[in-house]
Amino acid sequence: MEPIYVTELREIGPEVADFLQEGYLILFQMGVPPELAEMAVLHEVDHMRPEQPEPGDVLAIGASQYRITAVGTKAWQNVRELGHAVFVFNGAGEPEMPGQICLEEGGTENLAGTLQPGVRLEIKAGVEAPVG
114 MEPIYVTELR
124 EIGPEVADFL
134 QEGYLILFQM
144 GVPPELAEMA
154 VLHEVDHMRP
164 EQPEPGDVLA
174 IGASQYRITA
184 VGTKAWQNVR
194 ELGHAVFVFN
204 GAGEPEMPGQ
214 ICLEEGGTEN
224 LAGTLQPGVR
234 LEIKAGVEAP
244 VG
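Count the sequence shown with the working numbering and you get residues 114 to 245, in order.
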């Protein structure tokens, strides 16, 4: 099945590891102001289907996979229009903010090392995935 979303990581901001420790991964499309780039992974989209991901779909970053538990009401609009995503590794069934995409809790310990320019990030529909 065709992925819902495919993007390639281009630059990793110096504050990304700190945000990961707090359970957040923030993406912005290339070209954002430097103060936003510092805390984010900058990327370029390769493919995006119009329909948003749903709980049970999977975020894959390199070989790491995380099940989506909730999608905020504005999250996919932000991805489509701004190239901006906020992934929260909290296992929540309901996002705290409308722009968040919640993922299963934990499994981020080694993710900072995976986030490198050239790595692909994909959202796949309903794929079985192990934690982390």
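Positions of the beta carbon are idealized from the N, C-alpha and C atoms, including for glycine. Here the structure is a predicted model, which means the values were calculated and not measured.
Tell me, please, whether the CB atom of residue i is closer than 7 Å to any CB atom in chain B?
i: G206; result: This model lacks chain B altogether, as it is built from one protein chain only.
How should residue i be labelled, buried or exposed, when 16 other C-beta atoms within 10 angstroms of its C-beta is the threshold for buried?
i: P230; result: exposed
i: P127; result: exposed
i: D131; result: exposed
i: A183; result: buried
i: T186; result: exposed
i: L149; result: exposed
i: Q213; result: buried
i: E222; result: exposed
Specify the secondary structure class of residue i as computed by DSSP and reduced to three states.
i: D170; result: coil
i: R193; result: helix
i: Q213; result: strand
i: A198; result: strand
i: P230; result: coil
i: E235; result: strand
i: V145; result: coil
i: F132; result: helix
If I'm right that residue i touches residue j with Cβ under 8 Å, what's the distance once you round it to whole angstroms?
i: L228; j: V119; result: So it is not a contact: roughly 16 Å between Cβ atoms.
Hey, quick one: how far does the beta strand (DSSP E) through residue i stretch, first residue to last?
i: Q165; result: Premise fails: Q165 is in no beta strand (DSSP E) and is neither H nor E.
i: E157; result: V154 to M161
i: T120; result: Y118 to I125
i: L138; result: Y137 to Q142
Between the region 145 to 155 and the region 209 to 227, are three or more C-beta pairs nearer than 8 Å? no
Using 8 Å as the cut-off, can you tell me whether the region 156 to 164 makes contact with the region 192 to 201, which would need three or more C-beta pairs spanning the two stretches below that distance? yes
Would you call the region 230 to 239 and the region 167 to 183 in contact, with 3 or more CB pairs under 8 Å? yes
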